[in-house]
Amino acid sequence: EPEVTQTPSHQVTQMGQEVILRCVPISNHLYFYWYRQILGQKVEFLVSFYNNEISEKSEIFDDQFSVERPDGSNFTLKIRSTKLEDSAMYFCASARDRGAGNTIYFGEGSWLTVV
Amino acid sequence: SQQGEEDPQALSIQEGENATMNCSYKTSINNLQWYRQNSGRGLVHLILIRSNEREKHSGRLRVTLDTSKKSSSLLITASRAADTASYFCATDKNTDKLIFGTGTRLQVFP
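Chains A and B supply the protein sequences, listed in that same order.
With our numbering, letter number 60 in the first sequence gets 185, and the count goes up by one each step, no holes.
With our numbering, letter number 56 in the second sequence gets 36, and the count goes up by one each step, no holes.
Here you go:
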């Protein structure tokens, strides 16, 4: 069964460093998402992306965050200057059709630890 | 704003018993989905129910939706130790984003 794959599975980074989290969505999907889950807390929406542009973003997704689809398969989340509070599990997700009413498939996540 | 709250926060049962988890939300929705998460792992989609539906089944899962009470329930019948996980509801309303609930941690003892 096709799946969303994410790399790295775990990354430890120094505060202030840039981090890029990578995702390969399911191949025929057109809508892409990033969510995050701080340890012990809810899963939170960060951003949705369609047709090479952001379609919606949350308050969390400030100027320190950016997303990109550099080629036909990868979807990346960049955090320019990491803060301690960015430590979380980051989930990439994709969907074939528009809107959260269609099944959204999540990857296994990338644990980010900022020290 | 929408918010999903599951109860109970934690549930422990014996294998073979049924597990019922509830989700309440505050504003109107288009759809409600249930996800499962094993500890430290990704989110696995279980079932989606639309606002005009009242009940859906998928294998041992039964989901109900009561839009008048703004609540949903997830029933897992004949539970197995492998069902041990956290279960989340997630809602959407005319946007791309899912709003997740706080989750129920289910422990099934063999």
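In this text, a Cβ means the ideal position worked out from N, Cα and C, and glycines have one as well.
These figures come from a predicted structure and were not determined experimentally.
Asked, Found
"Would you mind telling me which residues of chain B sit closer than 8 Å to Tyr230/A, beta carbon to beta carbon, in chain order?", "His25"
"For the stretch 192 to 230 of chain A, which segments carrying the beta strand (DSSP E) assignment without a break, of at least 3 residues, lie completely within its bounds, in sequence order?", "200 to 204, 213 to 220"
"If you count every other CB in all the chains shown that lies within 10 Å of the CB of Thr130/A, and 16 or more means buried, which is it?", "exposed"
"For a contact defined as C-beta to C-beta under 9 Å, what are the partners of Phe186/A on chain B?", "Residues of chain B passing the Cβ test: none, with the nearest at roughly 11 Å."
"When you compare only the Cα positions, how much space is there between Ala(-1)/B and Asn227/A?", "26 Å"
"Excluding the 5 residues flanking Val168/A on each side, which residues of the same chain have their C-beta closer than 8 Å to its C-beta?", "Tyr160, Arg161, Gln162, Phe216"
"Can you check which of these residues, Val43/B, Cys69/B, Lys50/B, is closest to Thr57/B by C-alpha distance?", "Val43/B"
"Might you give, ordered along the chain, the residues of its own chain that have their beta carbon closer than 7 Å to the beta carbon of Gly234/A, omitting 5 neighbours on each side?", "Gln131, Met214, Tyr215, Phe216"
"With 9 Å as the limit, tell me which residues of the stretch 9 to 24 of chain B have their beta carbon closer than that to any beta carbon of chain A; keep them in chain order.", "Asn10, Asn11, Gln13, Tyr15, Gln17, Gly20, Arg21, Gly22, Leu23, Val24"
"Counting only beta-carbon separations shorter than 8 Å, does Phe200/A have a partner in chain B?", "no"
"Using CA coordinates, which residue listed in Ser219/A, Leu237/A, Val240/A is at the minimum distance from Asn153/A?", "Ser219/A"
"Quick test of your reading: Lys73/B and Asn10/B, contact by CB under 8 Å. State the CB separation rounded to the nearest angstrom.", "5 Å"
"Distance, Cα to Cα, Glu128/A vs Leu209/A?", "30 Å"
"Please name the residues in the stretch 70 to 84 of chain B whose beta-carbon is closer than 9 Å to at least one beta-carbon of chain A, in chain order.", "Ala70, Thr71, Asp72, Lys73, Asn74, Thr75, Asp76, Lys77, Leu78, Ile79, Phe80, Gly81, Thr82, Gly83"
"Can you give me the Cβ contacts of Thr47/B inside the same chain, cut-off strictly under 8 Å, excluding the 5 residues immediately before and after it?", "Ser8, Ile9, Ser31"
"Classify Ile79/B as buried or exposed, calling it buried when 16 or more other Cβ atoms lie within 10 Å of its own Cβ.", "buried"
"Got a sec: is the Cβ-Cβ distance from Glu178/A to anything in chain B below 8 Å?", "no"
"If you follow the beta strand (DSSP E) that Glu140/A is in, where does it begin and where does it stop?", "The amino acid occupying residue 140/A in the given sequence is Met; Glu does not appear at that position. First-last for Met140/A: undefined, no H or E at that position."
"Check whether the Cβ of Ser173/A lies closer than 8 Å to any Cβ atom in chain B.", "yes"
"Check whether the Cβ atoms of Glu184/A and Thr75/B lie closer than 8 Å to each other.", "no"
"Measuring CB to CB, does Tyr158/A end up less than 8 Å from His25/B?", "no"
"Going along the chain, which residues of its own chain have a beta-carbon closer than 6 Å to the beta-carbon of Arg85/B, five neighbours each way excluded?", "Ala(-10), Ser66"
"Pick out whichever of Gln166/A, Arg221/A, Lys203/A has its Cα sitting closest to the Cα of Glu143/A.", "Lys203/A"
"With which residues is Phe89/B paired in a DSSP beta bridge?", "Gln(-6)/B"
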